[in-house]
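Worksheet: one structure, shown below.
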Amino acid sequence: MRGRNARLVLLSALGLCLAAAATLDSQTPGDRAAGAAPARPARWYKGNTHTHTINQGGDSTPDEVVRWYREHGYQFLTITDHNLLTRVDGLNAIYASDDQFLVVAGEEVTSRSGDRPVHINGLDVQRVVKAHEGGTVVETMQGNIDGIRAASGVPHINHPNFGWGLTTDDLQRARNYKLFEIHNGHPSVNNLGGGGVPGLEEVWDRLLSGGRMVYGMATDDAHVFKQPGNPSVSGPGRGWVMVRAARLEAAALMQALERGDFYASTGVVLDDVQTTAAQLTVKVKTEGQTKYRVQFIGRGGVVLREAVEPAASYTFTGSEGYVRAKVIDSNGRFAWVQPVEVGRGASTAP
Ligand SMILES: [Zn+2]
Ligand SMILES: [Zn+2]
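In this text, residue positions in the sequence shown follow the working numbering: the first is -14, and each later residue adds one.
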């Protein structure tokens, strides 16, 4: 029973829709309707979910911004102007192409509580969301998260350390979100923490260790497209997500993000990520003479295993709470694989 329970917990917690053989192996025959068409194989789509245009905060027109991403190997882009929903129908009429490129509507719902900024992206919102300002940071976060959900959007919490706005406790107390930025490409958002405030990867491990299964995003937060190569402005191409979905459609991308079927990157590309009831496996797409470390990380941010080969697996013991993977390359680039819950009872039992 214990093994079966552990397996069921794992399967339900992970939402193992990883689309490949591991998933099919995990299903019972009754899971698939007889005669159903075979599932379309999933693939990885590269996207940036945080971008500004001249409409509110950026230096370039939506057309120029979309063209930059289209021409730099991305398959999707979410435009997230501050408190403004930039229309994307016309952009998609020009730039979208089946399975090649898609612009997804969005808004950076931009508020504050006192002097603390509270910025939350609404991805694929169906209408503009009016920014909410509550009495506390958590009330402000929650009002905006709820507003984004009410507009059928997916909330992602932006740059928690910008203006030292959102603490781990705030992120722990806010509800009904799965995504938050662990890496934002803007040069002054304090990703790494300091002065006694934890960096965002440590914040992530604190949230996960506290039983919150949240997923880490890397984004550009690009505002400036007209100063290529200037590191002191928020230029494009610094952080992105690779999302595994069967189709390049907004709904499929949003569902994959919210079930954690993606990884975040600042340059490392993965050939594959597979999760079974027993293991998490990561395969790096190697590049030239670059070398790699693959870390498997569990409760408390503890490195459970570090592999030096570019294809590496970690076998669950059942008591980790969660396991996530991080790939570090010899040139300072990263990939962050989303956590999987392992032995839920172990992490949340009183
Ligand atoms: Zn912001
Ligand atoms: Zn922004």
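Beta carbons are placed, not taken as given, at the ideal position from N, Cα and C, and that holds for glycine.
A quick note: this is a predicted structure, and the numbers were derived from the prediction, not measured.
Contact annotation: the stretch 30 to 41 touches the stretch 56 to 74, with at least three C-beta pairs closer than 8 Å. Each residue's CA atom was taken as its position, placing N215 and R223 some 12 Å apart. One residue list follows from the rule of a beta carbon closer than 5 Å to any heavy atom of ligand 1, given in chain order as H104 and N143.
Per DSSP, Y307 lies in no alpha helix (DSSP H); the unbroken beta strand (DSSP E) holding it starts and ends at G306 to D314.
Comparing alpha-carbon positions, the option among A249, T275, T260 and T125 lying closest to K31 turns out to be A249.
In the three-state reduction of the DSSP assignment, I282 falls in the strand class. Apart from the 5 residues on each side of it in sequence, T266 sits with its Cβ closer than 6 Å to the Cβ of Q259 and S298 in its chain, given in chain order. Remark: C-beta atoms of S315 and K276 approach each other more closely than 8 Å. Boundaries for W53: no beta strand (DSSP E) harbours it, while the alpha helix (DSSP H) harbouring it runs P47 to E56, taken from the DSSP string.
When F247, M198, H208 and A296 are compared, the shortest CA-CA separation from V322 is found for F247. If one requires a minimum length of 3 residues, the beta strand (DSSP E) runs lying completely within the stretch 249 to 278 are 255 to 260 and 264 to 269, in chain order. Excluding residues up to 5 positions away in sequence, L70, A90, G91, E92, I133, A136, S137 and G138 lie with their Cβ nearer than 8 Å to the Cβ of V110 in the same chain. Between E166 and N143, the C-beta gap is smaller than 8 Å, which places the two residues in contact. If the five residues before and after G43 are omitted, its C-beta is found closer than 6 Å to the C-beta atoms of H37 and H208, all from its own chain and listed in chain order. R191 carries a helical assignment under DSSP once its states are collapsed to helix, strand and coil. Three or more Cβ pairs closer than 8 Å define a contact, and the stretch 187 to 196 meets that threshold against the stretch 302 to 310. In the DSSP annotation of this structure, the continuous segment of the beta strand (DSSP E) that includes I167 starts and ends at L164 to N169. Residue environment analysis places G283 among the buried positions, since at least 16 neighbouring C-beta atoms fall within 10 angstroms of its C-beta. Looking at the DSSP output, W225 shares a beta bridge with S250. Between ligand 2 and the CB of E93, the shortest heavy atom gap is smaller than 7 Å.
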